[in-house]
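Since the structure comes first, as structure tokens, the remarks are kept for the end.
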Amino acid sequence: MIAQRPAPSAADLLAWYDRHARRLPWRVGPAERRAGIVADPYRVWLSEIMLQQTTVAAVKDYFETFTRRWPTVAALAAAPDEDVMKAWAGLGYYARARNLKRCAETVAFSLDGRFPSDEAGLLALPGIGAYTAAAVAAIAFGRPAAVVDGNVERVVTRIAAIATPLPAAKAAVRAFVETLVPGDRPGEFAEAMMDLGATICTPKRPACGLCPWNGSCAAREAGTQEAFPVKAAKAERPVRRGAAFVAVRPDGAVLVRKRPDKGLLGGMTEFPTSAWTTDDGAPPPRRGRKPKTAAPVVAPAGRASPIADASAAAPFPAGWRRMMAPVEHTFTHFHLVLEVYRAEVPASTPAGDGWWSQPSEIDGEALPSVFRKVLAAAGR
DNA sequence: TACTCGTGGAG
DNA sequence: TCTCCAAGAGT
């Protein structure tokens, strides 16, 4: 008779966590906890929004900047949208910043400055989904919520050898976690699960020898750790092409404008660009109403005369000159190749629907990474 | 359910 | 170099 694997225990994981917890700026450390300090829901919420699909390393500086500048949800709610977008620039997924601001306003102005303490109340707020609602409820309010993120999915699909591909397996993962969540220290339990996934139960070459649950893991017993989680096949990444235009005044100011609030890089700042083509040369599908006349599209360099096409897509006639190397940038679901054009223009050139940004101001603009590459490619 | 939505670091 | 992917949410 072969001994059955014991069920994983929250107590074992918490004992491991007591020894190996990562010290992170948004966490209440053990010493503080002993001193009776509890988590600040604002800081927990802010960190969880920033950490959505984003690494701890990338978040740290932004978290420090935000909490120093806006120490409370009321302060964030009172800030101009534009300042928040500028502070978020470079972190990606800009809908998070828009929802962050809306959520802060709701909490500050409609909820008396207090975050809801239960999952349902949190879930109703903009930018807060199943994961974040559970995480804030558990970490900030001590609720025994089942916190399921990518780390937890990996840990649990291995422990229980769940072969159903994600995201279909999500319900089974959540059900499993619900059987484990302790009534005591549920927030630390959630942090422990995530730390375990981040440091021990890693995607490649997990350190099973160091895992507090290695005796309970079905995948490890079978030697198939790296086969989990099973994921649905991903779609291929198409290539889109376009042109970006950097107009430079004699004083060094460059012309920028604000992108539409919705969609890709919504609400952020950009250099004027042509429409971006899809693989087959057609313009990308539009969500809104079709314009009566199609926007001029720049053909890929080499296929037609880049200069001639660029002049049609440029924001205004000028001595546009194409930079040698195009900017390439990979988004989640497509790869972008942007030809960069630059022109020296007179001081009297009107800004149109945009504005002129001085060299001393450009770094502070809400300029996404792809357009910072454009700026660099234009030699600014 | 299946897309859309960024970025930069690790392997 | 290139693929994967990191504390997901909205539609």
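Residue numbers (UniProt numbering): 1 to 380. For every residue, glycine included, the Cβ atom is placed at its ideal position computed from N, Cα and C.
Classify residue i as buried or exposed, calling it buried when 16 or more other Cβ atoms lie within 10 Å of its own Cβ.
{"i": "Leu51", "result": "buried"}
{"i": "Lys204", "result": "exposed"}
{"i": "Arg274", "result": "Note that residue 274 is Ser in the sequence shown here, rather than Arg. That one is buried."}
{"i": "Ser357", "result": "buried"}
{"i": "Arg114", "result": "exposed"}
{"i": "Thr132", "result": "buried"}
{"i": "Met324", "result": "exposed"}
{"i": "Val197", "result": "Residue identity differs from the one stated: residue 197 is Gly in this sequence, not Val. With 16 or more Cβ atoms within 10 Å of its Cβ, Gly197 is classed as buried."}
{"i": "Glu365", "result": "buried"}
{"i": "Glu191", "result": "buried"}
{"i": "Leu111", "result": "exposed"}
{"i": "Pro315", "result": "buried"}
{"i": "Ala169", "result": "buried"}
{"i": "Arg380", "result": "exposed"}
{"i": "Ala145", "result": "buried"}
Anyone know if the C-beta pair for residue i and residue j falls short of 8 Å?
{"i": "Ala243", "j": "Leu338", "result": "yes"}
{"i": "Pro165", "j": "Lys231", "result": "yes"}
{"i": "Ala161", "j": "Ala108", "result": "no"}
{"i": "Ala310", "j": "Trp320", "result": "yes"}
{"i": "Arg154", "j": "Pro212", "result": "no"}
{"i": "Arg96", "j": "Ile128", "result": "no"}
{"i": "Gly354", "j": "Val256", "result": "yes"}
{"i": "His329", "j": "Arg237", "result": "no"}
{"i": "Leu100", "j": "Tyr62", "result": "no"}
{"i": "Ala378", "j": "Arg322", "result": "no"}
{"i": "Leu24", "j": "Val44", "result": "no"}
{"i": "Pro8", "j": "Leu125", "result": "no"}
{"i": "Gln53", "j": "Tyr94", "result": "no"}
In its own chain, which residues sit with a C-beta less than 7 Å from the C-beta of residue i, not counting the 5 before and 5 after it?
{"i": "Ser305", "result": "In this predicted model, Ser305 has a pLDDT of only 39, less than 50, meaning its place in the structure is not dependable enough to derive any value."}
{"i": "Arg22", "result": "Asp195"}
{"i": "Arg185", "result": "Leu14"}
{"i": "Cys201", "result": "Arg154, Val155, Arg158, Cys211"}
{"i": "Pro291", "result": "Because the pLDDT of Pro291 is 35, which lies under 50, any placement of that residue in the model is unreliable, and the number read from its coordinates should be weighed accordingly. Cβ neighbours of Pro291 beyond the five flanking positions: none."}
{"i": "Ala207", "result": "Ile200"}
{"i": "Arg249", "result": "Val345, Ala347, Thr349, Trp356"}
{"i": "Glu188", "result": "Leu14, Tyr17"}
{"i": "Ala163", "result": "Val230"}
{"i": "Ala318", "result": "Ala247, Ala343, Val345"}
{"i": "Trp26", "result": "Arg43, Val44, Ser47, Phe63"}
{"i": "Lys60", "result": "Pro25"}
Looking only at DSSP bridge pairs, what is residue i linked to?
{"i": "Val248", "result": "Val254, Glu344"}
{"i": "Arg241", "result": "Thr277, Val337"}
{"i": "His20", "result": "Answer is none; His20 lacks a bridge partner."}
{"i": "Leu46", "result": "DSSP output for Leu46 lists no bridge partner at all."}
{"i": "Glu270", "result": "Arg257"}
{"i": "Lys231", "result": "Leu166"}
{"i": "Thr330", "result": "His335"}
{"i": "Ser357", "result": "Val254"}
{"i": "Arg27", "result": "Arg27 is not bridged to any residue."}
{"i": "Arg321", "result": "Arg342"}
Just to confirm my understanding: we take residue i, look at its own chain, exclude 5 residues before and 5 after, and list those with CB closer than 8 Å. What are they?
{"i": "His20", "result": "Asp195, Thr199"}
{"i": "Arg5", "result": "Gly215, Ser216, Cys217, Ala218, Glu221"}
{"i": "Asp40", "result": "Ala140"}
{"i": "Ala253", "result": "Trp356, Ser357, Gln358, Pro359"}
{"i": "Leu264", "result": "Phe331"}
{"i": "Pro326", "result": "Ala301, Val337, Leu338, Glu339, Val340, Ala377"}
{"i": "Leu375", "result": "Val246, Val254, Phe271, Ile362, Leu367"}
Ordered along the chain, which non-local residues of its own chain (more than five positions away) have a Cβ less than 6 Å from that of residue i?
{"i": "Arg143", "result": "Ala137"}
{"i": "Leu123", "result": "Ala133"}
{"i": "Arg287", "result": "Because Arg287 carries a pLDDT of 37, less than 50, the predicted location of this residue cannot be relied on, and the following value inherits that uncertainty. So no residue of the chain qualifies."}
{"i": "Ala10", "result": "Leu180, Pro182, Phe189"}
{"i": "Ile307", "result": "Note that Ile307 scores a pLDDT of 46, beneath 50, so its modelled location is shaky; the value from the coordinates is reported in the next line. Counting only Cβ-Cβ distances below 6 Å, and skipping sequence neighbours, we find nothing."}
{"i": "Asp12", "result": "Pro212"}
{"i": "Ser176", "result": "It is Phe, not Ser, that sits at residue 176 in the sequence shown. Cβ within range, chain order: Val156, Ala160."}
{"i": "Ala172", "result": "Ile162"}
{"i": "Pro167", "result": "none"}
Is the closest heavy atom of the ligand COA to the C-beta of residue i under 7 Å?
{"i": "Ala163", "result": "Summarising the ligand content, the structure contains no ligands, and the ligand COA is consequently not present."}
For the stretch 68-82 and the stretch 102-110, state whether three or more C-beta atom pairs, one from each stretch, are separated by less than 8 Å. yes
Can you find at least 3 beta carbon pairs, one from the stretch 83-94 and one from the stretch 52-71, that sit closer than 8 Å? yes
Contact the stretch 147-156 vs the stretch 56-66: 3+ CB pairs below 8 Å: no
Counting pairs of Cβ atoms below 8 Å between the stretch 110-121 and the stretch 129-138, do you hit three or more? yes
Taking one C-beta from the stretch 362-380 and one from the stretch 258-269 each time, how about it: are there three or more such pairs within less than 8 Å? yes
Are at least three pairs of beta-carbons, each pair with one atom in the stretch 242-260 and one in the stretch 30-43, less than 8 Å apart? no
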